[in-house]
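Asker: Positions in the sequence shown are counted from 1; adding 33 to them yields my numbering. I am attaching a structure below and will ask some questions about it afterwards.
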Amino acid sequence: MTNKKVLLIDPPGTAKVYSTSKIKAATPVVPSISLATLAGALLKEGYKDVQILDLNISKNSDRDIQRVMDTYKPNFVGITFVTPLFASACEICEKIKKDHPDVIVLGGGVHSTTLPKETLEKSKFDLVVIGEGEETIIELVTGKNWSEIKGIAYKKDGKVFINPPRPLIENLDDLPLPAWHLYDIDKYFSSYLNSRKNPVGPIETSRGCTFGCCFCSKVIFGRSFRAKSAQRVIDELERMLKLGFREIHIWDDNFSTDMERAKLICDLIIKKGLKFPWNIFNGLR
34 MTNKKVLLID
44 PPGTAKVYST
54 SKIKAATPVV
64 PSISLATLAG
74 ALLKEGYKDV
84 QILDLNISKN
94 SDRDIQRVMD
104 TYKPNFVGIT
114 FVTPLFASAC
124 EICEKIKKDH
134 PDVIVLGGGV
144 HSTTLPKETL
154 EKSKFDLVVI
164 GEGEETIIEL
174 VTGKNWSEIK
184 GIAYKKDGKV
194 FINPPRPLIE
204 NLDDLPLPAW
214 HLYDIDKYFS
224 SYLNSRKNPV
234 GPIETSRGCT
244 FGCCFCSKVI
254 FGRSFRAKSA
264 QRVIDELERM
274 LKLGFREIHI
284 WDDNFSTDME
294 RAKLICDLII
304 KKGLKFPWNI
314 FNGLR
């Protein structure tokens with residue numbers, strides 16, 4: 034089954050929204066960490082034919098989608114999106130299904146997780162992933178019966194079926210390294226208003242936040258704090274720097290939940306002699 038081809042798409046987001054405004058000067062453009070992690074999970078399981086299409090750096094989204102679909106001919110297409118990008122994701126899905134009706138198109142991300150039934154009813158998606166997707170996408174590509182896969186919702190005979198939730202991944206060190214090599218990272222540029230060097234790479238060292246702020250959604254990672262070990266974080270950092278990232282932004286919900294771990298990561302950065310600008314992109318609590 035490892036001959037299946039998987040295409041992962043990131044719709045045009047903030048770069049497109051602010052393309053004609055003055056705020057464009059401060060809009061960061063970085064590769065998607067979620068798609069890199071999903072691709073890494075597939076590669077680890079032996080699915081060697083995986084591609085990522087980031088439409089945030091595309092000058093003509095329609096042309097690039099058609100080109101990749103016609104030349105690559107994937108069996109599965111996964112599209113990640115938040116609520117403001119739902120309409121864009123639906124358009125991409127509809128174009129793909131129109132020209133390639135046999136391709137299975139799945140949605141993922143916060144919007145799909147929050148509103149799986151509505152997402153399927155208002156789109157051409159075959160199914161959506163609910164919650165963390167690294168284990169789910171493997172079962173989907175392997176060909177497991179959809180009714181037996183936890184953490185998805187799907188359409189069948191005009192009806193929407195929502196399966197039981199998938200438990201959260203307990204040990205984040207078990208996750209494969211993100212497949213950053215699938216990106217052309219030299220095409221990414223972030224404003225010097227929020228970075229010092231380019232290209233900037235995002236890193237995830239933990240998942241979840243123990244707090245319950247009313248403005249924040251916890252539907253994917255929950256309120257339990259799960260962290261990668263300090264050594265695992267350093268392994269990821271070293272690989273990112275070797276691949277060409279020159280600045281690192283930590284995208285955790287709350288990097289400082291475990292201060293001893295945070296200090297150990299800093300100590301290891303110094304011990305390893307790693308020199309690069311970095312920041313806690315979501316701030317410190």
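Don't be surprised by glycine CBs; every beta carbon is placed ideally from N, CA and C. Keep in mind the model is a prediction, meaning the values are calculated, not measured.
1. Have a look at N196 and V115 and give me their C-alpha separation to the nearest angstrom.
2. Taking only runs that begin and end inside the stretch 229-298, name each unbroken beta strand (DSSP E) of 3 or more residues, in chain order.
3. Helix, strand or coil for L88? Go by DSSP, reduced to three states.
4. How far does the beta strand (DSSP E) with D43 in it extend, from its first residue to its last?
5. How about the stretch 137-154 and the stretch 116-124: do they share at least three Cβ pairs that are nearer than 8 Å?
6. From D219 to D268, what does the alpha carbon distance come to, in whole angstroms?
7. According to the Cβ coordinates, are P44 and V233 closer than 8 Å?
8. State the CB to CB distance for the pair R199 and G164, rounded to an integer number of angstroms; the pair is presumed to be in contact (CB under 8 Å).
9. Are the CB atoms of K37 and Y105 nearer to each other than 8 Å?
10. Where do the ends of the beta strand (DSSP E) carrying F119 lie?
11. Compare the C-alpha of N89 against each of G111, I42, Q99 and name the closest.
12. According to DSSP, is T113 part of a helix, a strand, or is it coil?
13. What does DSSP give as the partner residue(s) for K189 in the beta ladder?
14. By Cβ distance, which residues of its chain are closer than 6 Å to E172, with the 5 residues on each side in sequence left out?
Answerer: Answer, in terms of the structure:
1. In a straight line, the C-alpha of N196 is about 21 Å away from that of V115.
2. For secondary structure counted as the beta strand (DSSP E) over 3 or more consecutive residues, the stretch 229-298 holds these complete runs in sequence order: 233-236, 280-283.
3. Helix, per DSSP.
4. Residues 39-43.
5. The stretch 137-154 is in contact with the stretch 116-124.
6. About 21 Å.
7. Judged by beta-carbon spacing, V233 lies beyond the 8 Å limit of P44, meaning their Cβ atoms are not closer than that value.
8. R199 to G164, Cβ: 6 Å. Contact.
9. Going by C-beta atoms, K37 is not nearer than 8 Å to Y105.
10. For F119, there is no enclosing beta strand (DSSP E); the enclosing alpha helix (DSSP H) has its first and last residue at 119-132.
11. Among G111, I42, Q99, the Cα nearest to that of N89 belongs to I42.
12. T113 falls in the strand class under three-state DSSP.
13. Answer by DSSP bridge pairing, in chain order: K192.
14. Within the same chain, E172 has close Cβ partners I182.
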